[in-house]
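S.K.: In this text, residue positions in the sequence shown follow this note's numbering: the first is 6, and each later residue adds one.
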Amino acid sequence: MEGRFLNPVGYSYAGIHAGLKKRKKDMALIVSDRMATSAAAFTTNVVKAAPVIYDMGILKGGKAQAILVNSGNANACTGTRGLEDAGHSAALIAHELDIPEDAVFVSSTGVIGVPLDMERIEGGIKELATSLGDDPIPAAEAILTTDTKTKLASVEVEIDGKSVTISGMAKGSGMIHPNMATMLCFIITDATIGHEALQKLLGKGICDSFNMISVDGDTSTNDSVIVLANGASGCGEIEEGSTAYAAFAAAFDQVLGELARQIVKDGEGASRFIEMRVTGASSKADARTLARAVISSSLVKAAFFGADANWGRILCAMGYSGASFNPDLVDLDFISAKGKIRVLEGGVPLPFDEDEAKAILLEKEVAVLADCHQGDGEAVAWGCDLTYDYVKINGDYRS
Numbered sequence: 006m007e008g009r010f011l012n013p014v015g016y017s018y019a020g021i022h023a024g025l026k027k028r029k030k031d032m033a034l035i036v037s038d039r040m041a042t043s044a045a046a047f048t049t050n051v052v053k054a055a056p057v058i059y060d061m062g063i064l065k066g067g068k069a070q071a072i073l074v075n076s077g078n079a080n081a082c083t084g085t086r087g088l089e090d091a092g093h094s095a096a097l098i099a100h101e102l103d104i105p106e107d108a109v110f111v112s113s114t115g116v117i118g119v120p121l122d123m124e125r126i127e128g129g130i131k132e133l134a135t136s137l138g139d140d141p142i143p144a145a146e147a148i149l150t151t152d153t154k155t156k157l158a159s160v161e162v163e164i165d166g167k168s169v170t171i172s173g174m175a176k177g178s179g180m181i182h183p184n185m186a187t188m189l190c191f192i193i194t195d196a197t198i199g200h201e202a203l204q205k206l207l208g209k210g211i212c213d214s215f216n217m218i219s220v221d222g223d224t225s226t227n228d229s230v231i232v233l234a235n236g237a238s239g240c241g242e243i244e245e246g247s248t249a250y251a252a253f254a255a256a257f258d259q260v261l262g263e264l265a266r267q268i269v270k271d272g273e274g275a276s277r278f279i280e281m282r283v284t285g286a287s288s289k290a291d292a293r294t295l296a297r298a299v300i301s302s303s304l305v306k307a308a309f310f311g312a313d314a315n316w317g318r319i320l321c322a323m324g325y326s327g328a329s330f331n332p333d334l335v336d337l338d339f340i341s342a343k344g345k346i347r348v349l350e351g352g353v354p355l356p357f358d359e360d361e362a363k364a365i366l367l368e369k370e371v372a373v374l375a376d377c378h379q380g381d382g383e384a385v386a387w388g389c390d391l392t393y394d395y396v397k398i399n400g401d402y403r404s
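#1: Indicate the three-state DSSP secondary structure (helix, strand or coil) for S113 in the structure shown.
#2: Tell me whether T85 sits in a helix, a strand or coil according to DSSP, three-state version.
#3: Using CA coordinates, which residue listed in A292, A196, L157 and G92 is at the minimum distance from L264?
#4: Should the segment 376-393 be regarded as contacting the segment 279-288, the criterion being three or more beta carbon pairs within less than 8 Å?
#5: Taking 8 Å as the cut-off, does the segment 293-302 touch the segment 244-251 (at least 3 CB pairs, one atom from each stretch)?
#6: Can we say the segment 26-44 touches the segment 73-83, given the rule of at least three CB pairs closer than 8 Å?
#7: Pairs of beta-carbons, one from the segment 42-54 and one from the segment 205-220, closer than 8 Å: are there three or more?
#8: Using only alpha-carbon positions, find the residue among S168, M217 and V116 that is nearest to S238.
#9: At what residues does the alpha helix (DSSP H) containing M123 begin and finish?
#10: Label M185 either buried or exposed according to how many other C-beta atoms from any shown protein chain fall within 10 Å of its C-beta, with 16 as the threshold for buried.
#11: Can you tell me whether M185 is helix, strand or coil according to DSSP?
#12: Is the beta carbon of G129 sitting closer than 8 Å to the one on I21?
#13: Do W316 and V348 come within 8 Å of each other at the CB atom, strictly closer than that value?
#14: On the DSSP letters alone, give me the boundaries of the beta strand (DSSP E) that C389 sits inside.
#15: Report the residue from R86, P13 and V57 whose alpha carbon sits nearest the alpha carbon of D139.
#16: With distances taken between CB atoms, is the gap from L367 to A312 smaller than 8 Å?
#17: Which residue comes first and which comes last in the alpha helix (DSSP H) that contains E146?
#18: Less than 8 Å between C-beta atoms, sequence neighbours within five positions excluded: which residues of the same chain meet that for T392?
#19: Which same chain residues end up closer than 7 Å to G382 when comparing Cβ atoms and leaving out the 5 residues on each side of it in sequence?
#20: Can you give the beta carbon distance from G173 to V116, rounded, assuming they're within the 8 Å contact cut?
#21: How is E7 classed by DSSP in three states: helix, strand or coil?
#22: Which residues share a DSSP beta bridge with F310?
#23: Judging by CA-CA distance, which residue of L295, D31 and P141 is the nearest neighbour of C377?
#24: May I have the straight-line CA-CA distance separating D384 from I63, to the nearest angstrom?
#25: Bridge partners of V371, per DSSP?
#26: Quick one: grab the DSSP three-state call for D38.
#27: Could you pull the DSSP bridge partners for F47 from this structure?
#28: Quick check: the Cα distance between N50 and A362, rounded to an integer number of angstroms?
#29: Could you tell me how far apart the beta carbons of T226 and A134 are, in whole angstroms, since I believe they sit closer than 8 Å?
#30: Roughly how many angstroms lie between the CA atoms of F215 and V160, to the nearest whole one?
#31: Bridge partners of D107, per DSSP?
#32: Per DSSP, what are the beta-bridge partners of C190 in this structure?
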């Protein structure tokens, strides 16, 4: 388990093994005890799974009360039947909970192109509805696929004299790359906030969190981030532009950022966490583009796996990123718990101790700092190395 999870007021959870996977938990349920404001973001992949298409319709209402999730089967590329199964699942859980059918989001993750085993889904729904409690861990475990650990994050913030909690759980280990979403993530809060304000907050928040991570350059058919805000804390409505909004936004962004970093640290086969910091870029947009290009490069990832200070691959990735920058002005540093070493200054290579550099790069967490000396644009992106285990995991994913 990584991170912590504080229960916002008014939520309950369940996670069970319904038989969609051989042994591990594979169905989860998150329920608010009252109708909640909703917000969501979905994959930009043209090939969208049935639950994504279904949820896009649910989102239009701006309200929801439950999130039903299954792992082991993506319910993607399953045609009309896939949509019918998603809708039927929502209807079944709505009946069990005595809530409106259009108040249920459904999410799936797993193998593409296989219809849901609805007999197991139906049995799982009945068990979920009777297993609800205040422990979020079974639900966090049930949404995982190739993940090696649960991913949890929580922040408390004071709004109008009331304690407000924002908590999230996520799954993601492979098929992780910028362009929302990049995984499944469920954020719940007891804050009071309108749909438009919450949707805008989520859209902005993912730009510096989930859109700044990469494991393997792939985005999936099922990527979704769903947010529920049920107002149970009793705080006043958080309105855009207010002091309360700024405080809530900072806490919300912190949760997103923590979950994004946890996903990368658990990247399939990963042995090293890479943070790419760009400063001095001409603009924020250029800084983001430069940082993402570096952590998305397979050659850069392979160099980090070998703890090789091959800075040329970093500068090369920046060069083909499409961002505007002058390579003759760039400084490059490698940083870890073992120290800091500069390898490029003003676009000119510096002599450096290869043994010292290797010691720095052998650490589990390594940062690269690229100062472009052209403006005040800054951005941070997170990635991981590319290892033999990544190929092993994905070579027999279906077996």
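Beta carbons: idealized from backbone N, C-alpha and C, even for Gly.
M.R.: This is what the structure holds:
#1: Translated into positions along the sequence shown, residue 113 becomes position 108. DSSP places S113 in strand when its eight states are reduced to three.
#2: Against the sequence shown, residue 85 aligns to sequence position 80. T85 falls in the helix class under three-state DSSP.
#3: In the sequence shown, counting from the first residue as 1, residue 264 sits at position 259. Nearest of A292, A196, L157 and G92 to L264, Cα basis: L157.
#4: yes
#5: Contact annotation: the segment 244-251 does not touch the segment 293-302, with fewer than three C-beta pairs closer than 8 Å.
#6: yes
#7: yes
#8: Start at 1 with the first residue of the sequence shown, and residue 238 comes out as number 233. For S238, the nearest C-alpha among the options comes from S168.
#9: Along the sequence shown, one-based indexing puts residue 123 at 118. Looking at the DSSP string, the run of the alpha helix (DSSP H) that includes M123 is M123 to A134.
#10: The residue given as residue 185 occupies position 180 in the sequence shown. Note on M185: pLDDT 49, under 50, position unreliable in the model; no value is reported.
#11: Here the question's residue 185 lines up with position 180 in the sequence shown. Residue confidence for M185 is low, a pLDDT of 49 falling below 50, so the modelled location carries little weight and cannot support an answer.
#12: Numbered from its first residue, the sequence shown carries residue 129 at position 124. Numbered from its first residue, the sequence shown carries residue 21 at position 16. Closer than 8 Å, so yes.
#13: Against the sequence shown, residue 348 aligns to sequence position 343. Against the sequence shown, residue 316 aligns to sequence position 311. Yes.
#14: For the purposes of this step, residue 389 is identified with residue 384 of the sequence shown, where counting begins at 1. It spans G382 to C389 - the beta strand (DSSP E) in which C389 sits, taken as one unbroken run.
#15: In the sequence shown, counting from the first residue as 1, residue 139 sits at position 134. Looking at the Cα atoms, P13 is the closest of the given residues.
#16: The residue labelled residue 367 in the question sits at position 362 within the sequence shown. The residue labelled residue 312 in the question sits at position 307 within the sequence shown. Taking 8 Å as the cut-off, the Cβ atoms of L367 and A312 count as close.
#17: As a working mapping, residue 146 is identified with position 141 in the sequence shown. From DSSP, the alpha helix (DSSP H) with E146 extends over I142 to A147.
#18: For the purposes of this step, residue 392 is taken as the residue at position 387 of the sequence shown. Excluding residues within five positions, the ones whose Cβ falls inside 8 Å are G274, A275, S276 and F310.
#19: As a working mapping, residue 382 is identified with position 377 in the sequence shown. Here the set comprises A286, S287, S288, K289, D291 and A292.
#20: Taking the sequence shown and counting its residues from 1, one reaches residue 173 at position 168. Taking the sequence shown and counting its residues from 1, one reaches residue 116 at position 111. Going by Cβ atoms, the distance from G173 to V116 rounds to 25 Å, so no, they are not a contact pair.
#21: Stepping through the sequence shown from its first residue, residue 7 is reached at position 2. Three-state DSSP puts E7 in a strand.
#22: Translated into the one-based positions of the sequence shown, residue 310 becomes position 305. Its beta-bridge partners do not exist; DSSP assigns none.
#23: Here residue 377 refers to the residue found at position 372 when the sequence shown is read from its first residue. Measuring from the Cα of C377, the nearest candidate turns out to be L295.
#24: Here the question's residue 384 lines up with position 379 in the sequence shown. Here the question's residue 63 lines up with position 58 in the sequence shown. Per the sequence presented here, residue 384 reads as Ala, with Asp not at that position. Computed Cα separation, rounded: 33 Å.
#25: Walking along the sequence shown from the start, residue 371 turns up at place 366. V371 is bridged to I279.
#26: For the purposes of this step, residue 38 is identified with residue 33 of the sequence shown, where counting begins at 1. In the structure shown, D38 sits in a strand (DSSP, three-state: E or B).
#27: Along the sequence shown, one-based indexing puts residue 47 at 42. Partner(s): S229.
#28: Here the question's residue 50 lines up with position 45 in the sequence shown. Here the question's residue 362 lines up with position 357 in the sequence shown. Each residue's Cα considered, the two are about 39 Å apart.
#29: Residue mapping note: residue 226 aligns to position 221 of the sequence shown, counting from 1. Residue mapping note: residue 134 aligns to position 129 of the sequence shown, counting from 1. At roughly 28 Å, the Cβ-Cβ gap does not stay under 8 Å, so T226 and A134 are not in contact.
#30: What you label residue 215 is simply residue 210 of the sequence shown in a count that begins at 1. What you label residue 160 is simply residue 155 of the sequence shown in a count that begins at 1. Cα to Cα, F215 sits roughly 18 Å from V160.
#31: As a working note, residue 107 is residue 102 in the sequence shown. DSSP, once it has assigned bridges, lists no residue as partnering D107.
#32: Start at 1 with the first residue of the sequence shown, and residue 190 comes out as number 185. A175 and V230.
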